[in-house]
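Counting from 1, one number per residue, gives the positions in the sequence shown under full-length UniProt numbering.
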Amino acid sequence: MRPRPRLPRRGRGTVLPRPVRAARPARSVRADGRRAARRGGDHGRRGGHLPAVGAAGHDGARHAAGLSGFGARSGRRGLRGPRGPGRRDGARVRPGATRHGDHLPRPGRAGGALAAVRPGVVRVSGVPSFSPSPSPGSARTASPDVAGPSPDRHTFATPLRAVDRIEVLAEGPVLRFLAHKTVDPGDPYMAGHFPGLTLLPAVFVLEALRQATTTLLGADEPLNPVEVRSGRWLAPMQGGDEIRLDVTVKAIGVGRWSVTADGVRHDGTPVAEVRMVLGNREAAEGSPPAGGPSIPAPVSPTPLSPGPDYTGILDLLPVRHPMLLVDRVEALDPGRLITTVKAVSGSEPCYGGMAEGLPLSRYTYPRTLMLESFGQSSVLLWLSTGTAEGVPVAAAFRDCRFTGEVRPGAVLRHVARIDRLMANNVFVSGQTWDGDRCVMTVGALIGSSRPRARVDRTMAGTS
Numbered sequence: 001m002r003p004r005p006r007l008p009r010r011g012r013g014t015v016l017p018r019p020v021r022a023a024r025p026a027r028s029v030r031a032d033g034r035r036a037a038r039r040g041g042d043h044g045r046r047g048g049h050l051p052a053v054g055a056a057g058h059d060g061a062r063h064a065a066g067l068s069g070f071g072a073r074s075g076r077r078g079l080r081g082p083r084g085p086g087r088r089d090g091a092r093v094r095p096g097a098t099r100h101g102d103h104l105p106r107p108g109r110a111g112g113a114l115a116a117v118r119p120g121v122v123r124v125s126g127v128p129s130f131s132p133s134p135s136p137g138s139a140r141t142a143s144p145d146v147a148g149p150s151p152d153r154h155t156f157a158t159p160l161r162a163v164d165r166i167e168v169l170a171e172g173p174v175l176r177f178l179a180h181k182t183v184d185p186g187d188p189y190m191a192g193h194f195p196g197l198t199l200l201p202a203v204f205v206l207e208a209l210r211q212a213t214t215t216l217l218g219a220d221e222p223l224n225p226v227e228v229r230s231g232r233w234l235a236p237m238q239g240g241d242e243i244r245l246d247v248t249v250k251a252i253g254v255g256r257w258s259v260t261a262d263g264v265r266h267d268g269t270p271v272a273e274v275r276m277v278l279g280n281r282e283a284a285e286g287s288p289p290a291g292g293p294s295i296p297a298p299v300s301p302t303p304l305s306p307g308p309d310y311t312g313i314l315d316l317l318p319v320r321h322p323m324l325l326v327d328r329v330e331a332l333d334p335g336r337l338i339t340t341v342k343a344v345s346g347s348e349p350c351y352g353g354m355a356e357g358l359p360l361s362r363y364t365y366p367r368t369l370m371l372e373s374f375g376q377s378s379v380l381l382w383l384s385t386g387t388a389e390g391v392p393v394a395a396a397f398r399d400c401r402f403t404g405e406v407r408p409g410a411v412l413r414h415v416a417r418i419d420r421l422m423a424n425n426v427f428v429s430g431q432t433w434d435g436d437r438c439v440m441t442v443g444a445l446i447g448s449s450r451p452r453a454r455v456d457r458t459m460a461g462t463s
């Protein structure tokens, strides 16, 4: 009989080996923070895992994975969801299909505070799924080759899917996450924005913050911008660029959240700094809080001399359908004041692909597009001075306030004034009206005229 091996004696200075257990991966959550219910043919499982990523994108603290259900596989018990770190979530998907939420999170999750969110990767709900371009240096599974929206239906009006994936970094009273978006020329509205030069509109960064925050807070209605306290656009965001937004969200009252974001390109170049307030429907419909710029009393703008017709607008603005958001110039005082009209139609791309049976509130015209329309009106006024040379771009927004909902059938009237004019910059303020309601005030929109070589990096031979 073999002698039993002698183990080291317990004593001072002696450490017995401890069994090593595999660390459990960080839990992922659905958009509403709840466990996925049992469904489909796999009765022994709860939904599917998020997609797996390679070791290069895996550090144990953050899990980077696409929002689509790529890499789904079949097992002995039927279809299983994509594999990846964390708790299983989401419905069954067939191999190669995308897996995005087709509804907003259930009501009652947010209240006046932040919903419970665990660190991990979260998929965006309530907006249509698009095939994102491959991220430079990304280790995640490539998306299927799908052009345009998938058969999924979204549940509120939005110009595009402004977020490809979200990484939750911290939870609690202050929520922190990373939102990723690859600039895709195939996204809705993009073909008409600077044709021949794919640039992500500045307002689509605001749309990304809106969509990501709505998903993580689990709001029963989509959140909307209430204030844009400041927004700076530091560098162009061209087709193929992956934009990463480092976002912090904090509740500042019932139905209101302060959102702070800093954006960088995949090459490390800072591109955006945003400070804004998002609110639920009650906060978005109410009057602006005290202490900020007041919304003027409803007064019809004074008509001036007529401006350029529609063909003249096309000659002046570097945008085309469907991104051209100015229908008519009602009055123009060159270098001082302009009044323009934008008719909101139910056939616009932001309403395409919406689910059936939605309430009227889900058809609220996106405020990001309303701000873009005001910006285009400001460019028309600026170009009337003859001082703008090069490519006119938005450099900054300050003190923008929104109130009330705008729906299909509305006729928006923008009144923009030049407050200060410099060699390559312009400072514009104004209001937007829906009938006799003032639905938006702009404290300052700063436009900058830049040489095309500074905007189009391909001309300079840089990546």
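Each residue gets a CB set at the ideal place from its N, CA and C atoms; glycine is no exception.
Three-way DSSP call (helix, strand, coil) for G218 in this model: Against the sequence shown, residue 218 aligns to sequence position 218. If DSSP states are grouped into helix, strand and coil, G218 belongs with coil.
Outcome for T213 when other beta-carbon atoms lying within 10 angstroms are tallied against a minimum of 16: On the sequence shown, residue 213 is found 213 positions in, with the first residue counted as 1. So T213 ends up on the buried side.
Meets three-Cβ-pair contact criterion under 8 Å: the stretch 304-312 and the stretch 388-400: no
Exposed unless 16 or more other CB atoms sit within 10 angstroms - verdict on M323: Start at 1 with the first residue of the sequence shown, and residue 323 comes out as number 323. Burial call: buried.
Whole-angstrom C-beta distance between L234 and P270, which should lie under 8 Å: Position 270 of the sequence shown, counted from the start, is the residue given in the question as residue 270. Position 234 of the sequence shown, counted from the start, is the residue given in the question as residue 234. 5 Å between Cβ atoms; contact.
Length of the line joining the Cα atoms of N425 and L445: Against the sequence shown, residue 425 aligns to sequence position 425. Against the sequence shown, residue 445 aligns to sequence position 445. Spanning the two alpha carbons is a distance of roughly 10 Å.
Limits of the alpha helix (DSSP H) - the one that R161 falls within: On the sequence shown, residue 161 is found 161 positions in, with the first residue counted as 1. Run containing R161: none; DSSP gives neither H nor E here.
Neighbourhood of R256 by C-beta, 7 Å cutoff - its chain only, sequence neighbours within 5 removed: Stepping through the sequence shown from its first residue, residue 256 is reached at position 256. Counting only Cβ-Cβ distances below 7 Å, and skipping sequence neighbours, we find V226, V277, G279 and A283.
Proximity winner among R452, G409 and R398, relative to G430 (alpha-carbon distances): Against the sequence shown, residue 430 aligns to sequence position 430. It is R398 whose Cα lies nearest to the Cα of G430.
A272 classed as buried or exposed, judged by whether at least 16 other C-beta atoms fall within 10 angstroms: Sequence index remark: in the sequence shown, residue 272 carries index 272 (1-based). A272 should be labelled buried.
Member of I166, F194, G172 and L175 whose CA lies at the smallest distance from the CA of T182: On the sequence shown, position 182 is the one that residue 182 refers to. If we check each option's Cα against that of T182, I166 comes out closest.
Short Cβ contact (8 Å threshold) for A157 with Y363: Walking along the sequence shown from the start, residue 157 turns up at place 157. Walking along the sequence shown from the start, residue 363 turns up at place 363. For A157 and Y363, yes; Cβs fall inside 8 Å.
Those residues which DSSP pairs with L445 across a bridge: The count along the sequence shown starts at 1 and reaches residue 445 at position 445. Answer is F397 and V428, bridged to L445.
Integer Cβ distance of V428 from R413, believed to fall under 8 Å: The residue given as residue 428 occupies position 428 in the sequence shown. The residue given as residue 413 occupies position 413 in the sequence shown. V428 to R413, Cβ: 16 Å. No contact.
Distance CB(Y189)-CB(P366) smaller than 8 Å: For the purposes of this step, residue 189 is taken as residue 189 along the sequence shown, with counting starting at 1. For the purposes of this step, residue 366 is taken as residue 366 along the sequence shown, with counting starting at 1. In this structure, P366 does not lie closer than 8 Å to Y189 by Cβ.
Beta carbon of V341 nearer than 8 Å to that of R328: What you label residue 341 is simply residue 341 of the sequence shown in a count that begins at 1. What you label residue 328 is simply residue 328 of the sequence shown in a count that begins at 1. Contact flag set, yes.
Boundaries (first-last residue) of the alpha helix (DSSP H) holding S377: In the sequence shown, residue 377 corresponds to position 377, counting from 1. Start and end: R367 to L383.
L332 beta carbon less than 8 Å from that of L383: Position 383 of the sequence shown, counted from the first residue, corresponds to residue 383. Position 332 of the sequence shown, counted from the first residue, corresponds to residue 332. Going by C-beta atoms, L383 is not nearer than 8 Å to L332.
Euclidean distance between Cα positions of L209 and R232: Start at 1 with the first residue of the sequence shown, and residue 209 comes out as number 209. Start at 1 with the first residue of the sequence shown, and residue 232 comes out as number 232. Approximately 14 Å, taken between the alpha carbons.
Cβ distance (whole Å) where V344 is taken to contact P408 below 8 Å: The residue labelled residue 344 in the question sits at position 344 within the sequence shown. The residue labelled residue 408 in the question sits at position 408 within the sequence shown. Their Cβ separation, rounded to whole angstroms, is 6 Å, which keeps V344 and P408 in contact under 8 Å.
For F194, three-class secondary structure by DSSP: Locating residue 194 in the sequence shown gives position 194, where the first residue counts as 1. If DSSP states are grouped into helix, strand and coil, F194 belongs with coil.
Distance between beta carbons of V406 and V439, contact taken as under 8 Å: As a position in the sequence shown, residue 439 is number 439, starting the count at 1. As a position in the sequence shown, residue 406 is number 406, starting the count at 1. Their Cβ separation, rounded to whole angstroms, is 6 Å, which keeps V439 and V406 in contact under 8 Å.
Option nearest R229 by Cα separation, candidates F402, P185 and D187: As a first step, residue 229 must be located in the sequence shown, where it is residue number 229. Among F402, P185 and D187, the Cα nearest to that of R229 belongs to F402.
Where V415 sits in the DSSP three-state scheme: As a first step, residue 415 must be located in the sequence shown, where it is residue number 415. V415: strand per DSSP, three-state reduction.
CB of V168 within 8 Å of CB of L216, strictly: Here residue 168 is taken as the residue at index 168 of the sequence shown, counted from 1. Here residue 216 is taken as the residue at index 216 of the sequence shown, counted from 1. Taking 8 Å as the Cβ cut-off, V168 and L216 qualify as a contacting pair.
Assigned exposure category for P236 - 16 Cβ within 10 Å defines buried: On the sequence shown, residue 236 is found 236 positions in, with the first residue counted as 1. Label assigned to P236: buried.
Residue from H266, Q238 and S305 whose Cα sits closest to the Cα of D187: Here residue 187 is taken as the residue at index 187 of the sequence shown, counted from 1. Checking every option, the nearest Cα to that of D187 belongs to Q238.
Range of the contiguous beta strand (DSSP E) that encloses T260: Numbered from its first residue, the sequence shown carries residue 260 at position 260. Counting along the chain, the beta strand (DSSP E) containing T260 begins and ends at R256 to R265.
Which of helix, strand or coil DSSP assigns to R62: For the purposes of this step, residue 62 is taken as residue 62 along the sequence shown, with counting starting at 1. Because R62 carries a pLDDT of 38, less than 50, the predicted location of this residue cannot be relied on, and no value is offered for it.
Inter-residue spacing [alpha-carbon to alpha-carbon] between H193 and R275: Looking up residue 193 in the sequence shown gives position 193. Looking up residue 275 in the sequence shown gives position 275. Cα to Cα, H193 sits roughly 24 Å from R275.
Beta carbon of L337 nearer than 8 Å to that of Q376: Position 337 of the sequence shown, counted from the start, is the residue given in the question as residue 337. Position 376 of the sequence shown, counted from the start, is the residue given in the question as residue 376. In this structure, Q376 does not lie closer than 8 Å to L337 by Cβ.
Residue from H154, H266, F177 and T339 whose Cα sits closest to the Cα of T260: For the purposes of this step, residue 260 is identified with residue 260 of the sequence shown, where counting begins at 1. The shortest Cα separation from T260 among H154, H266, F177 and T339 belongs to F177.
I243 - partner residues in DSSP beta bridges: On the sequence shown, position 243 is the one that residue 243 refers to. Per DSSP, K181 and R265.
Nearest to T155 (by Cα), restricted to the options G196, R452 and A219: In the sequence shown, residue 155 corresponds to position 155, counting from 1. Among G196, R452 and A219, the Cα nearest to that of T155 belongs to A219.
Reduced DSSP secondary structure (H/G/I, E/B, other) of residue 465: Missing from the structure shown is residue 465; the chain here goes from 1 to 463 and no further.
Span of the alpha helix (DSSP H), counted from its first residue to its last, around V455: Here residue 455 refers to the residue found at position 455 of the sequence shown. Start and end: R452 to V455.
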